[in-house]
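Data block below; observations after.
Protein chains in written order, with the working numbering: chain A, 138 to 220; chain B, -10 to 136.
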């Protein structure tokens, strides 16, 4: 499964890029996070505290246990500060 | 329902006036603007707002639809900027129009609470010392529970 992964705000800065594409067998968001954490230190650092991370699947807010079946775009970002 | 996401500054008075002027059938219009607040004692050079193009517009439209389902509104507007802005500039505004004021006030507060925590915007404060991402507060997310 090929996913586009987007990063925003300090997650983007820590990981050092705004987007990437990834071929993965991860079945849930949590699996994907584990795969990313294991890749390099910068990912492990960015995902060290998941309480400070939110996720959207195809531009809809989701939970970390959400399945990735059929998903094309995953976005990781800190809690939002609009308004 | 009108949703606008733009980097350009806007004239809050002119926007609110045009919204009120176009509010056919409404007996009440409520509008609110968020302004870039300087730090206590000054020092904020600018505020930078990052957003998630695509999701932002969808999230704002969904909020406006929910507001229209829950309250008796004749119209609603959300305008939110991204990019760089200076202290004192308007960041965003919401406006609601309804036959009666209770619906207009409640819907405007609902939209504000949801914009704080559920629209994909992230604020960064730039000072002479550096740049800091603005942290979300628990009070902001807690505010959603009242709806």
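Beta carbons are placed, not taken as given, at the ideal position from N, Cα and C, and that holds for glycine.
Min CB distance residue 146 (chain A) to chain B below 8 Å
yes
CA-to-CA distance, residue 142 (chain A) to residue 112 (chain B), given in whole angstroms:
21 Å
Runs of 4 residues minimum, wholly inside the region 146 to 202 of chain A: which ones carry the alpha helix (DSSP H) assignment?
146 to 152, 166 to 176, 178 to 183
Proximal chain B residues relative to residue 218 (chain A), where beta-carbon distance stays under 7 Å
Within 7 Å Cβ-Cβ: 110, 111, 112, 123, 125.
Comparing alpha-carbon positions, which option in B:114, B:129, B:75 lies nearest residue 100 (chain B)?
B:129
Residue 165 (chain A) to residue 75 (chain B) span [Cα, whole Å]
The straight-line gap from Cα to Cα measures roughly 41 Å.
Tell me whether residue 10 (chain B) sits in a helix, a strand or coil according to DSSP, three-state version.
helix
For the region 192 to 202 of chain A and the region 158 to 177 of chain A, state whether three or more C-beta atom pairs, one from each stretch, are separated by less than 8 Å.
yes
Leaving out the 5 sequence neighbours to the left and right, which residues in its chain are closer than 7 Å to residue 12 (chain B) when beta-carbon positions are compared?
If we look at residue 12 (chain B) and ignore the five residues flanking it on each side, its Cβ neighbours are 18, 63, 64, 86.
Between the C-alpha atoms of residue 181 (chain A) and residue 10 (chain B), what's the straight-line distance to the nearest angstrom?
53 Å
Cα-Cα, which of B:6, B:82, B:115, B:1 is closest to residue 175 (chain B)?
As displayed, chain B neither begins before -10 nor continues past 136, which places residue 175 (chain B) out of reach and without an answer.
Considering only the beta carbon of each residue, do residue 45 (chain B) and residue 123 (chain B) sit closer than 8 Å?
no
Report yes or no: is there a C-beta of chain A within less than 8 Å of the C-beta of residue 106 (chain B)?
yes
Output yes or no for whether 8 Å exceeds the beta carbon distance between residue -1 (chain B) and residue 49 (chain B).
For residue -1 (chain B) and residue 49 (chain B), no; Cβs fall outside 8 Å.
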